[in-house]
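To start, the structure under review is shown below, and the notes come after it.
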Amino acid sequence: MNLTKKVIQVVKDNLLIELFTEELPPDSLETLSHQFGEAIASELISRNLVTKSDFQTYATPRRIAVNIKSVIDEAEDEEKLIKLMPYSVGFDENNKPTQPLLKKISSIDEAIKTEDLEIKEDKGQKFIYVTKKLKGIKLEDSLNDIIKNSLQKLAIKKVMSYQLEDGWTSVNFARPMRGLIVLHGKQVLNASVLGCTSSNKTRGHRFESNKENITINHADDYEKTLETDGNVIVCFNNRKTKIKKDIKDALAKLGKDFFITEDEALTDEVTSLVEMPNILIGNFEDKYLSIPEECLTLTMKTNQKYFPIFNKNNGLTNSFIIVSNISPKNTDQVIHGNEKVIRPRLADAEFFYDEDKKLGLTTFCEKLENVIYHHKLGSQKDRAERVAQKLEYLTKNLNIEFDIDPMELSLFSKADLLSLMVGEFPKLQGIMGRYYALNENKNESFANAIEDHYKPRFSNDSLPRDELGFMLAIADKFTTLIDLFSINEIPTGEKDPFGLRRNAIGVIRLIIEKKLPINLNTLIDNFIDKNDSARVSLTNFLYERLFNYLKDLGYSNEIVDALVSSRPEKIHDILERLEAISEFVKLKESETLSSANKRVSNILKKADKISINPIDENLLIENEEIMLHKVLLDLEPKINQCLIKNDFISALKNLVILNTPINNFFEKVMVNADDSKIKNNRYSLLFKLRQNLNCVADISKLAS
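With this note's numbering as the guide, the letters of the sequence shown map in order to residues 610 to 1313.
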């Protein structure tokens, strides 16, 4: 389609759009502002009002805004060539326009005449075209649509419905909108969205603005004016940077030994809650430090959005960082108010902890049979029995001995689900179980396994501390996978309510990083019937996750496919195999060997009905097949020695000697000989060749 443009005089400047609202959800504020910026820029590009997506977004608890660079006030006129219909449809045998053509022309532009039409050939057929003049879109005329369309693209978790001031009209947005700025340079453009009419005025800090109404004189003055007149740092990242710096300065005043742990999620959340941060330090009574550290830090972070302060010598201290949204001359009342609020939280934690210790895990274990795990899978006690079976199998299979009762450990690992503390803070499951186990004089390995069997909970999470923790973690995760697949609760699309993808990746990490020689197929076969479709589904699922896990480590599709497609039953040494293949592909012979392996695999695929027997040397006739067989006989023990030592790169490098014999074989030997015995023997030779070529992985997947 040809486009010609008529140049018109335009005004180019930066465009500012601010939506001023009630307090927005903090957990999605930054994402919401960036989505808004992307959507506005996209709408402008589609109307030829801007050439590229160059914008700056802003976000505070009460606003999202965007400044789009170099926006023109009116797009250039265009001449657009429109394909109408085939000539044979548009004109009759007398070359007169038909009714369908006249109707089509009229629908486009009644001013078009038949003499304005153009006839062009396309793929040997004549078509009718017309050139239509398109008036360039004006920015101001399309603003309402641009903003409304952009709002519809926002991924708002919970939309709020509210009435406008007329008392009749209802609209939907994340929070009620209270103001709208649309500035093109210094020019206010007319727009009306969600009951708000555009202006160049906004509001500053809810409590500490220097002016009630703040006037933005130019789109580029927005950030500076709001900080000067409104006491608002409108840029999310600038506000976040200030919070980090001010916390660092506040800690420095306490002394060099004090610090907070990095928590980007909490930092983002407090950045979304304040417009001008003020860092303060509060304290609580020392007596609460007897509560497990995890309980205190979680209640401070989750409930109060405080940063716990740690001492390098003594761990958690009784001090915490407050990120306040106000900066009074006397901060004592603000600090006192926050201290007053946290005390009941800590008192609750103390009560939960004391009451849980009185009952103990043994008591909680007795109640697990009353807790339903899944209506098709029974209670938590039933599940614990299945975990114990996996744990026994793993320890026996790996020749590991623990002085523990598998059933007791499996029950204790889930007992804290019935505790008051975990009921209040589900994130503490396992963590509290460890404390309560130690309180009942269980040994440290037993107690650690209770906490660690949930690991890894997420990507890059730490792994269990010792061998017992590893065994229980694998047993628990495999139980979840086998249980849920057995009742066809399989993840679909993005839905994975039981976290089966996370469990599968967890099993993979545990086996690989601990180098546990667990046979995946044997493990599955022991607990799922071989004829059960769940077995195939679960096996496929695990290898799909393995592929994704290895890809995420940075290896190419081809290298990962070479390993995973061969469905290794043991994956504990898979990283070493990957490194070996990565080195192998650098060899000049690798491409030839990979291609040869691919050719061998294709030949053997077509020979499914031919039985593979030991090679009969008396049936090796041609010199080339005799030589290939001889080389394989010499090569195989060398490769096996390398594999015993896990020296995978040497095993692959040994394959180089096959390059010439393979080429000679395919050049001189006809595999499908007329004599069936000779033919079958050659298939057996190729089968032996493929076994050696695939000693580390299926290198046919590396062939281009």
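We put the beta carbon where it would ideally sit given N, CA and C, even for glycine.
- Taking C-beta atoms as the reference points, residue 802 and residue 753 count as a pair closer than 8 Å.
- Taking each of 1187, 1046, 874, 843 in turn and checking the Cα distance to residue 1060, the smallest one comes out for 1046.
- Here residue 1203 has 1308, 1309, 1311, 1312 as same chain residues with Cβ atoms under 7 Å from its own Cβ, once five neighbours each way along the sequence are excluded.
- Minimum Cα-Cα distance from residue 1088 among the listed residues 960, 746, 990, 1029 corresponds to 990.
- At the C-beta level, residue 627 and residue 811 come within 8 Å of one another.
- By the Cβ neighbour-count rule, residue 858 is exposed, with fewer than 16 other Cβ atoms within 10 Å of its own.
- The region 770–782 and the region 683–691 do not touch, with fewer than 3 CB-CB distances between them shorter than 8 Å.
- With a threshold of 16 other beta carbon atoms within 10 Å, residue 1242 falls short and is exposed.
- Taking C-alpha positions only, residue 1288 is separated from residue 1238 by approximately 15 Å.
- Separation of residue 763 and residue 632 (C-alpha to C-alpha, rounded to the nearest whole angstrom) is 17 Å.
- When 910, 832, 892 are compared, the shortest CA-CA separation from residue 884 is found for 832.
- Residue 734 and residue 695 have their C-alpha atoms some 7 Å from each other.
- Within the same chain, and ignoring the five residues on either side of residue 646 in sequence, the residues whose Cβ sits closer than 6 Å to its Cβ are 664, 666, 675.
- Contact check for residue 732 against residue 634 fails: the beta carbons are separated by 8 Å or more.
- Judged by DSSP in its simplified three-state form, residue 1164 adopts coil rather than helix or strand.
- Taking 8 Å as the cut-off, the beta carbon of residue 681 is found no closer than this to the beta carbon of residue 742.
- Using a Cβ-Cβ distance cut-off of 8 Å, the region 886–904 and the region 923–931 are in contact, since at least three pairs of beta carbons, one from each stretch, lie closer than that value.
- Cβ contact annotation for residue 992 (same chain, cutoff 6 Å, sequence separation greater than five): 982, in chain order.
- DSSP lists 793 as the beta-bridge partner residues of residue 796.
- For residue 1141, no beta strand (DSSP E) encloses it, and the DSSP letter there is neither H nor E.
- The beta carbon of residue 817 is closer than 6 Å to those of 840 in its chain, skipping five residues each way along the sequence.
- Residue 694 carries a strand assignment under DSSP once its states are collapsed to helix, strand and coil.
- Ranked by Cα distance from residue 862, the options 906, 918, 875 are led by 918.
- Of the residues assessed, residue 965 falls on the buried side of the cut-off, its CB having 16 or more other CB atoms within 10 angstroms.
- Going by C-alpha positions, residue 828 is about 39 Å away from residue 870.
- Excluding five sequence positions before and after residue 1266, the CB atoms of its chain that fall closer than 7 Å to its own CB belong to 1240, 1244, given in chain order.
- Counting every other CB atom within 10 Å of its CB across the protein chains shown gives residue 652 a total of 16 or more, marking it as buried.
- Nearest Cα to residue 773 within the set 761, 788, 760, 1118: 788.
- Judged by DSSP in its simplified three-state form, residue 801 adopts strand.
- The region 1079–1093 and the region 993–1005 touch, with no fewer than 3 CB-CB distances between them shorter than 8 Å.
- DSSP, read as helix, strand or coil, puts residue 806 in strand.
- As for any beta strand (DSSP E) of minimum length 3 sitting wholly inside the region 848–892, the runs are 887–892, ordered along the chain.
- Here the alpha carbons of residue 786 and residue 669 stand approximately 14 Å from one another.
- Put simply, the region 1163–1170 does not touch the region 1113–1125. Fewer than three CB pairs are less than 8 Å apart.
- Under the 8 Å Cβ criterion, the region 892–907 does not count as touching the region 844–860, having fewer than three qualifying pairs.
- Annotation for residue 1025: no alpha helix (DSSP H) segment contains it, and DSSP assigns it neither H nor E.
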